[in-house]
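Colleague: Mind having a look at this structure? Questions to follow.
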Amino acid sequence: MRGRICVWVPLAQDTFLTPIVKVITLDIASKSPLAVTGTKAVLLRSRDMSVEQGLDYVATWNSAMLLSDDLTEAISAYTQKRKPAFGKL
Numbered sequence: 111m112r113g114r115i116c117v118w119v120p121l122a123q124d125t126f127l128t129p130i131v132k133v134i135t136l137d138i139a140s141k142s143p144l145a146v147t148g149t150k151a152v153l154l155r156s157r158d159m160s161v162e163q164g165l166d167y168v169a170t171w172n173s174a175m176l177l178s179d180d181l182t183e184a185i186s187a188y189t190q191k192r193k194p195a196f197g198k199l
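Numbering (the numbering used here), first residue to last: 111 to 199.
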């Protein structure tokens with residue numbers, strides 16, 4: 111029984127998961143490039159830290175990111191009910 115399930119799972123992934131993955135990647139791509147890059151950096155860095163160290167790292171990273179124009183653009187786009195136009199990295 112388990113062997114049959116293992117053979118079937120890759121087919122299920124190709125058939126059902128590919129559209130879901132496309133939706134998720136398009137959603138991530140619509141976000142601020144700075145936020146996406148920052149999230150990846152924080153996740154990679156904090157996995158080797160204690161929870162307290164990780165939270166301190168996130169707080170430091172977030173305070174530095176407040177200096178970018180992306181936050182202002184995100185708020186403006188939200189209030190104007192339009193898609194944000196983030197700059198490139």
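Positions of the beta carbon are idealized from the N, C-alpha and C atoms, including for glycine.
If you're wondering where the values come from, they're calculated on a predicted model, not measured in any experiment.
Roughly how many angstroms separate the alpha carbons of serine 140 and glutamate 162, rounded to a whole number?
Modeller: Taking the first residue of the sequence shown as position 1, residue 140 is located at position 30. Taking the first residue of the sequence shown as position 1, residue 162 is located at position 52. Spanning the two alpha carbons is a distance of roughly 31 Å.
Colleague: For a test of the three-state rule: what should DSSP assign to serine 173, helix, strand or coil?
Modeller: Start at 1 with the first residue of the sequence shown, and residue 173 comes out as number 63. In the structure shown, serine 173 sits in a helix (DSSP, three-state: H, G or I).
Colleague: Helix, strand or coil for glutamine 190 per DSSP?
Modeller: For the purposes of this step, residue 190 is identified with residue 80 of the sequence shown, where counting begins at 1. Reduced to three states, the DSSP call for glutamine 190 is coil.
Colleague: Using beta-carbon positions only, say whether leucine 144 and serine 178 come within less than 8 Å of one another.
Modeller: Residue numbering aside, residue 144 sits at position 34 when the sequence shown is read from its first letter. Residue numbering aside, residue 178 sits at position 68 when the sequence shown is read from its first letter. Yes; because the gap between Cβ atoms is below 8 Å, this pair is in contact.
Colleague: So, at 8 Å on beta carbons, what are the nonlocal neighbours of lysine 198 in its own chain, with the 5 sequence-adjacent residues on each side left out?
Modeller: Residue numbering aside, residue 198 sits at position 88 when the sequence shown is read from its first letter. Contacts found: Pro143.
Colleague: Would you give the residue range spanned by the alpha helix (DSSP H) that alanine 195 belongs to?
Modeller: As a first step, residue 195 is located in the sequence shown; it is residue number 85 there, counting from the start. Premise fails: alanine 195 is in no alpha helix (DSSP H) and is neither H nor E.
Colleague: Evaluate aspartate 180 with the Cβ neighbour count: other Cβ atoms within 10 Å of its Cβ, from every protein chain shown; 16 or more gives buried, anything less gives exposed.
Modeller: Taking the sequence shown and counting its residues from 1, the one referred to as residue 180 is at position 70. Buried, because 16 or more other Cβ atoms sit within 10 Å of the Cβ of aspartate 180.
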